[in-house]
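What the sequence shown shows, in the numbering used here, is residues 413 to 557, in sequence order.
Everything on this sheet refers to the single structure shown next.
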Amino acid sequence: MTFLLDVNVLIALIDPAHVAHDDAHRWFESTGHHSWATCPITENGVIRIVGNPKYPNSPGSPAVVAPIVGKLHALAGHQFWPDDISLVSSREIDAGKILTSTQVTDSYLLALAKSHDGELATFDRKLSTTAVKSGKAILHLIPSK
Numbered sequence: 413m414t415f416l417l418d419v420n421v422l423i424a425l426i427d428p429a430h431v432a433h434d435d436a437h438r439w440f441e442s443t444g445h446h447s448w449a450t451c452p453i454t455e456n457g458v459i460r461i462v463g464n465p466k467y468p469n470s471p472g473s474p475a476v477v478a479p480i481v482g483k484l485h486a487l488a489g490h491q492f493w494p495d496d497i498s499l500v501s502s503r504e505i506d507a508g509k510i511l512t513s514t515q516v517t518d519s520y521l522l523a524l525a526k527s528h529d530g531e532l533a534t535f536d537r538k539l540s541t542t543a544v545k546s547g548k549a550i551l552h553l554i555p556s557k
């Protein structure tokens with residue numbers, strides 16, 4: 413099983429001061445490190461959020477954060493998945509069930525994981541799975557203490 417790591421997981425892994433840093437590392441070391449993936453959306457999300465000067469633990473601008481994210485590619489078990497599905501034409505997505513703008517990216521990432529026979533690993537307990545066929549079965553909630 414390959415896990416597509418949600419933005420919140422990637423940030424928790426690279427930010428030692430993140431509230432879920434220990435949980436992310438515990439899960440990654442026990443489960444996730446065997447086979448895991450990033451994609452342009454998750455990588456860009458990390459660069460956008462962590463590279464924002466308002467992010468409390470930002471190491472600097474997006475230009476500083478991008479190489480940090482790039483180093484993830486060298487870690488064992490990593491795969492890079494291109495954004496190669498469409499919300500409007502995938503048979504796995506019912507766009508009519510995407511009810512709020514906050515569900516757009518979540519639904520896309522869930523469908524991308526499904527298209528690669530993987531699971532979306534996240535800390536987001538409120539992530540809606542209804543727009544993706546069998547979405548609940550491919551959502552992997554990372555335990556947190």
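Built from N, CA and C at the ideal position, the CB exists for glycine as well.
Item                                                                                                                              : Value
Three or more beta-carbon pairs under 8 Å between the region 470-486 and the region 430-447, yes or no?                           : no
Once DSSP output is grouped into helix, strand and coil, what is the label at residue 441?                                        : helix
Would you report the Cα separation of residue 492 and residue 413, rounded to the nearest angstrom?                               : 15 Å
Please classify residue 552: is it buried, with 16 or more other beta-carbons within 10 angstroms of its beta-carbon, or exposed? : buried
Among 416, 415 and 421, which one has its Cα closest to the Cα of residue 556?                                                    : 421
Specify the secondary structure class of residue 490 as computed by DSSP and reduced to three states.                             : strand
Where residue 415 and residue 549 are concerned, what is the direct C-alpha to C-alpha distance, given to the nearest angstrom?   : 13 Å
When you compare the CB positions of residue 504 and residue 545, do they come within less than 8 Å of one another, or not?       : yes
Let me check understanding here. Comparing Cα to Cα, which of 469, 509, 462 and 449 lies closest to residue 529?                  : 449
In the DSSP assignment, what are the bridge partners of residue 552?                                                              : 533
In the DSSP output, which residue or residues are listed as bridge partners for residue 505?                                      : 544
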